[in-house]
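Peer 1:
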Amino acid sequence: MKEAKKTSFSMSANTARVLERNRLLSDRSARLNQIVARYDMLVANERQMVAVLADNDFLGFVIAEWLEVYPIQLSLPWIVDMVYQERKLDGYDVPDEGEYTRLVESLKKLTLTQQVALVELIETRRA
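Start counting the sequence shown at 0; every next residue gets the next number (numbering that gives the first Met the number 0).
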């Protein structure tokens, strides 16, 4: 019979700690519950972020009035910026610079899926 060779590999310190923690954990279902709870917190936080943005009046205006002019494929932060700049040049009422900057920065943090969900949420609320 042929002698088996041992394979050597290295892990990051974080991976080693995770493996060690899981090996020593007596109740594996508790660990799974912990993972599920963390994931649930992450999803709830993302939904909250989208819900807060959906309450923004200027964003609601942009989606209700301008989304047909600028298709969503152009990205929501870009559309908001275009509408803001056009309305500001024409002398219409727009949010102050700080509020506008916070809105655009928040929109840039969203994934494309979250942007679409945000648009759907605002359109549903306005229907």
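By construction, the Cβ of each residue, glycine as well, lies at the ideal position given by its N, Cα and C atoms.
#1: Apply the 10 Å Cβ neighbour rule to residue 35 and answer buried if 16 or more other Cβ atoms are within range, or exposed otherwise.
#2: Using the beta-carbon count (16 or more within 10 Å), is residue 79 buried or exposed?
#3: If you reduce the DSSP assignment to three classes, tell me which class residue 126 lands in.
#4: Could you check which residue in 57, 14, 12 has the C-alpha nearest to that of residue 91?
#5: For residue 38, name the three-state secondary structure that DSSP assigns.
#6: With C-beta atoms as the reference, is residue 118 less than 8 Å away from residue 41?
#7: Rounding to the nearest angstrom, what Cα-Cα distance links residue 100 and residue 59 in this structure?
#8: Quick one: is residue 55 buried, meaning 16 or more other Cβ sit within 10 Å of its Cβ, or exposed?
#9: Going by beta carbon distance, what residues of the same chain come within less than 7 Å of residue 45, once the five residues before and after it are set aside?
#10: Can you find the residues in the same chain that come closer than 6 Å, C-beta to C-beta, to residue 93, ignoring five residues on each side of it along the sequence?
Peer 2: Straight from the coordinates:
#1: Counting from 1 along the sequence shown, the entry for residue 35 is found at position 36. Under this definition residue 35 is an exposed residue.
#2: Here residue 79 refers to the residue found at position 80 of the sequence shown. That one is buried.
#3: Residue mapping note: residue 126 aligns to position 127 of the sequence shown, counting from 1. Three-state DSSP puts residue 126 in coil, outside helix and strand.
#4: Translated into positions along the sequence shown, residue 91 becomes position 92. That would be 57, whose Cα lies nearest to the Cα of residue 91.
#5: Working through the sequence shown from its first residue, we reach residue 38 at position 39. In this structure, residue 38 counts as helix in the three-state DSSP scheme.
#6: The count along the sequence shown starts at 1 and reaches residue 118 at position 119. The count along the sequence shown starts at 1 and reaches residue 41 at position 42. Cβ atoms of residue 118 and residue 41: not closer than 8 Å.
#7: Numbered from 1 along the sequence shown, position 101 holds the residue referred to as residue 100. Numbered from 1 along the sequence shown, position 60 holds the residue referred to as residue 59. C-alpha separation (whole angstroms): 16 Å.
#8: Taking the first residue of the sequence shown as position 1, residue 55 is located at position 56. Flag for residue 55 reads buried.
#9: The residue you call residue 45 lines up with position 46 of the sequence shown. Cβ neighbours of residue 45 beyond the five flanking positions: 113.
#10: Reading the sequence shown from its first residue, position 94 is the one you call residue 93. So the qualifying residues of the chain are 83, 86, 87.
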